[in-house]
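As given, the protein sequences belong to chains A and B, one line each in that order. First residue of the first sequence: 1, per my numbering; consecutive thereafter. First residue of the second sequence: 1001, per my numbering; consecutive thereafter. Ideal Cβ placement from N, Cα and C applies to all residues, glycine included. Since this is a predicted model, take the numbers as computed values, not measurements. To start, the structure itself, in structure tokens.
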Amino acid sequence: MSLAVSRIGRRRLLSMTGAAAAAAALGACSGPEREEQPPAEPVGQADIDRALTTPTTITFWTWVPDVQKEVALFKKKYPAITVTVVNAGQGLDAYTKLRTALKAGTGAPDVAQIEFQYIPTFSLTNSLVDLRPYGAEATREKFVDWTWGQVTGPKGEILAYPQDTGPMGMLYRADLFDRHGIEVPATWNDFAAAARKLHAADPGVYLTNIAANEPAAWHGLMWQAGSKAYTVNGTELGLAVDDEAARKVADYWGGLAREKLISTDPDFTDTWYQGLNSGKYATWLTAAWGSVFLTGSAKATAGKWRAAPLPQWDPARPVAGNWGGSTSAVITGTKNPIAAAKFAEFLNTDHEVTKLFTTAQNFFPATKALLADPAFTGAENAFFGGQRVNELFAGISGTVDVGWQWPPFLDQASKDWTETAGKALTGGGDVAAAIGAWQERLTAYAEDQGFTVVE
Amino acid sequence: MSSKPANHAYLFVAPFLLCFALLFLLPLGYAAYLSLFKDQLVGGTVFVGLDNYGRALQDGRLLGGVGRVALFFLVQVPIMLLVALAVALAVDSGLLRLARLVRLGTFLPYAVPSVVATLMCGYLYGPDFGPLAQLGDRLGFDPPDLLGDGWLLVSLGNIVTWEFAGYNMIILYSALRTVPAERYEAAAIDGAGPWRVAWHIKIPALRPALLLALIFSVIGSFQLFAEPNLLQRLAPTVIDSAYTPNLYAYHLAFTSQQVNYAAAVSFLLGLVILVVSYVVLFLTSRRR
């Protein structure tokens, strides 16, 4: 019987840890009022100098591996400031912890790693410090235009410093293209024709895989098509995930999926890794970081890949979307806003540090200086047959649409996409109708959450 | 004098009561409290009384999830308990040569954490590389898509049966060991063979243990979470966020930021489990 007891114990324990975690998150709701944002008037140079020479410790939450290398350079320049690096998990895990700490009113870091797409989620709750008083606007020219748009809030606040980016391109298997006589498609029409030709020539190969669990890639394709799915303005929210551009994307991929000319395997799973290595997918529509990722995850195919821009809707006006990349943001409630802001600035603007990110962490940079730096763009990538992949993506970065915005509840938007459009993609259903359902779900959610939704 | 032993007894159960209050009653009470509010991204927290419960009762996605786990319970649990019963009777019969090995082998899957079990099965079910898929490829038949819409519940049932049949077998087996040997002797003298003994002595003696296993299974089925949560990664469009009620509550709290509503959903789920457990008890005790 002791076995039986311990078994029940384990089950209950599981459900209770869930309950306790829920309770913790809940408790957070009734936490103390958020501290006021710092005054908007600029902080004087004297104050900045004093803050940077006073012995201070700040905490930095990041998942970037080996970031100590970059932090050490900051310490060298500002010996008085000690930066404690904490790995609070990657992506969602980190955000859940950050949200909990913010609501609890204690335990939040001074500076945190935040992906572009999560900035509105955190700025909605006033959790990010406006960096304008600390001289952020003076650094504007250093960054690629679209990244600056991504960190700018609806009232012109600067909410973070861009760190790395993921302009989207097409990585393709040159050997498969050659074998079946396929040209690199310049337009989406060419791409569809190539998909038909390739799959007919070898039914075991698909021109690409559109993962039904990857709303981030889908958002990147919507971005490229010029969709204005989300427009955030305080509590007023423009929602149009099924606007004309989005419908165009949905019809296109829905058609290819229904004809079974593309596969829809979930990505970053065993099936998918195997597909990349075995040549099941002839292209991967991905971000600049995808080229680095492949080097490690598809070793068997080294030398067979090449990179090209995404196929275009209008070849006369090349546009790209972005997938991924992150920023450094200063978190509301920090006791050392000056040191924190200057650390975030240094980490992402100092030439030596940003350059180190491209070599030590293989980041794709957000600064104009590095994207024009021959030492970066001139690198020949053996995995891509000696192609200058960085140079190609540096060019693509300049074509990323500047106007794209993210919703203040990305988790919900992502989940609902998978359950509507993703489901239709795998099932061969009507994807355009499915994004209509996506729009309905998001509208209901946003209204329930107190937003005023405008089309 | 007579009250003294009772006082001592309370002292002994105090550690339990303390833990029970801190780790069970307190979070439960807190969740109940929270379920009466609504926290919005815009506009903050307001008291809404029982609105969350009213909403949950009309929530098609929640009801669909409850229906799914109920179906799961009705199909998977009888199969699992029959397997457990058969193995327990076989091991107890004394006719098996490697009884200890069989007992241990059947029980072993229970020692494998359900996370590991699910990951293993996820590999076995894989549509491109799983053994079944490879076999189909060799022999030229189309293997069923075990992670597809039509098969997923079956695949889940298979994992859970594998994990818990041995555990239930141990419960039944230990109950069998408590049957007094005189009864078997008496039966033997009356000329009963092994099948008769099993049917007329062992199975009736197992009633309380079977009931216990059944109640555990009610709770286990309705709280299904870890297995679907892990398979979600492999079948993201089949297992949606409301596939089981527990999964739904989890996603409401941590994806949709609707912690208050999630608390209400959890409470209703608890109520459903209570009712089903009661019905099971009522039906089985009436038959006696």
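- The alpha carbon of A307(A) has as its nearest neighbour, out of T125(A), V389(A), T420(A), A195(A), the alpha carbon of V389(A).
- Listed in chain order, the beta strand (DSSP E) elements of length 3 or more contained wholly in the segment 192-273 of chain A are 230-233, 236-239.
- At a beta-carbon threshold of 8 Å, none of the residues of chain B lie near Q361(A); the nearest stands roughly 26 Å away.
- Rounded to the nearest whole angstrom, the C-alpha separation of P311(A) and R317(A) is 11 Å.
- Close to G422(A), with beta-carbon spacing below 7 Å, are these residues of chain B in chain order: P1236, T1237.
- By the criterion of a C-beta distance shorter than 6 Å, R1183(B) is surrounded in its chain by I1201, once the five residues flanking it on both sides are discounted.
- Annotated three-state conformation of N1260(B) is helix, per DSSP.
- Counting along the chain, F1047(B) sits inside the beta strand (DSSP E) bounded by residues 1044-1047.
- Per DSSP, the beta bridge partners of Q312(A) are T187(A).
- Its Cα nearest to that of L261(A), the residue D202(A) stands out among K299(A), V111(A), T295(A), D202(A).
- The three-state secondary structure of D1145(B), taken from DSSP, is coil.
- For V1116(B), the secondary structure class from DSSP, reduced to helix, strand or coil, is helix.
- Listed in chain order, the non-local C-beta contacts of A1253(B) below 7 Å within the same chain comprise V1259, A1262, local neighbours out to five positions each way being set aside.
- In the DSSP assignment, A437(A) falls outside any beta strand (DSSP E) and lies within the alpha helix (DSSP H) extending over 431-448.
- For Y161(A), the enclosing beta strand (DSSP E) has its first and last residue at 161-173.
- Beta-bridge partners of W284(A) (DSSP): L171(A).
- Straight through space, the alpha carbons of P1143(B) and L1108(B) are spaced by roughly 28 Å.
- Residues of chain A whose Cβ lies closer than 8 Å to the Cβ of L1041(B) are, in chain order, L124, T125, P408, F409, Q449, G450, F451.
- Relative to the Cα of K69(A), the nearest Cα in the group Y172(A), K355(A), V431(A) belongs to K355(A).
- In the DSSP assignment, D49(A) falls within the alpha helix (DSSP H) that extends over 45-53.
- Shown here for G89(A): same chain residues with a beta carbon closer than 7 Å to its own, the five before and five after excluded, namely W63, K97 in chain order.
- Bridge partners of W305(A) according to DSSP: R173(A).
- Exposure of K76(A) is indicated by the presence of fewer than 16 other C-beta atoms within 10 angstroms of its C-beta.
- Per the DSSP secondary-structure output, W61(A) pairs in a beta bridge with V86(A), A112(A).
- Contact of S1221(B) with chain A is not assigned, every C-beta pair being separated by 9 Å or more.
- With 16 or more other Cβ atoms from the protein chains shown falling within 10 Å of its own Cβ, Q449(A) counts as buried.
- In the three-state reduction of the DSSP assignment, K355(A) falls in the helix class.
- The straight-line gap separating the alpha-carbon atoms of Q387(A) and M168(A) is approximately 17 Å.
- In the three-state reduction of the DSSP assignment, V454(A) falls in the strand class, which pools E and B.
- Taking 9 Å as the Cβ-Cβ cut-off, the segment 149-182 of chain A has no residue approaching chain B.
- Assignment of I182(A) by DSSP, reduced to helix, strand and coil, places it in the coil class.
- Your pair I1273(B) and F1222(B) checks out as a contact, with CB atoms roughly 5 Å apart and the cut at 8 Å.
- For G395(A), the enclosing alpha helix (DSSP H) stretches over residues 389-397.
- For W148(A), the uninterrupted alpha helix (DSSP H) run begins and ends at 145-151, by DSSP.
- For K335(A), the closest alpha carbon among the candidates P109(A), F74(A), V86(A), A94(A) is that of P109(A).
- In the structure shown, the three-state DSSP call for G1054(B) is helix.
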